[in-house]
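Working notes, structure below.
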Amino acid sequence: MRIRIRSLVVPAAIAVLAVFAAPGDALANNEADVTYYRDVLPIIQNNCQTCHREDGLNLGGVIAPMSFMSYEETRPWAR
Numbered sequence: 250m251r252i253r254i255r256s257l258v259v260p261a262a263i264a265v266l267a268v269f270a271a272p273g274d275a276l277a278n279n280e281a282d283v284t285y286y287r288d289v290l291p292i293i294q295n296n297c298q299t300c301h302r303e304d305g306l307n308l309g310g311v312i313a314p315m316s317f318m319s320y321e322e323t324r325p326w327a328r
């Protein structure tokens, strides 16, 4: 009888742990996904768009040759 109870309790405990662990893993994976609008755009706005736009700043005689004002304009330059 003890063996039968143990054979039911152990799989049930593993199933319960898996159910509670799965949502945390799913959330962690979603937060790790990099998106253009949430993660990349703020960096480009703060560091690049001053020059990388139409009529951007002319720093030392050089005007940035490409615009980074939209995803469509920026994506071809990403590695």
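Quick note: the sequence shown uses the working numbering, first residue 250, plus one each step.
Every residue gets a Cβ at the ideal spot worked out from N, C-alpha and C, and that includes glycine.
For residue j and residue i, the rounded distance between their alpha carbons
{"i": "P314", "j": "N295", "result": "18 angstroms"}
{"i": "F317", "j": "Y286", "result": "13 angstroms"}
Nearest residue (CA-CA) to residue i, options the options
{"i": "T323", "options": "L308, V311, I312, Q298", "result": "Q298"}
{"i": "W326", "options": "A281, V289, L308", "result": "V289"}
Three-state secondary structure assigned by DSSP to residue i
{"i": "G310", "result": "coil"}
{"i": "T323", "result": "helix"}
{"i": "R287", "result": "helix"}
Terminal residues of the alpha helix (DSSP H) in which residue i lies
{"i": "Q294", "result": "290 to 296"}
Chain-order list of residues whose beta-carbon lies under 7 angstroms from that of residue i (same chain, five-residue window excluded)
{"i": "S319", "result": "none"}
Residues near residue i by beta carbon distance below 8 angstroms, same chain, minus five either side
{"i": "I293", "result": "H301, F317, T323"}
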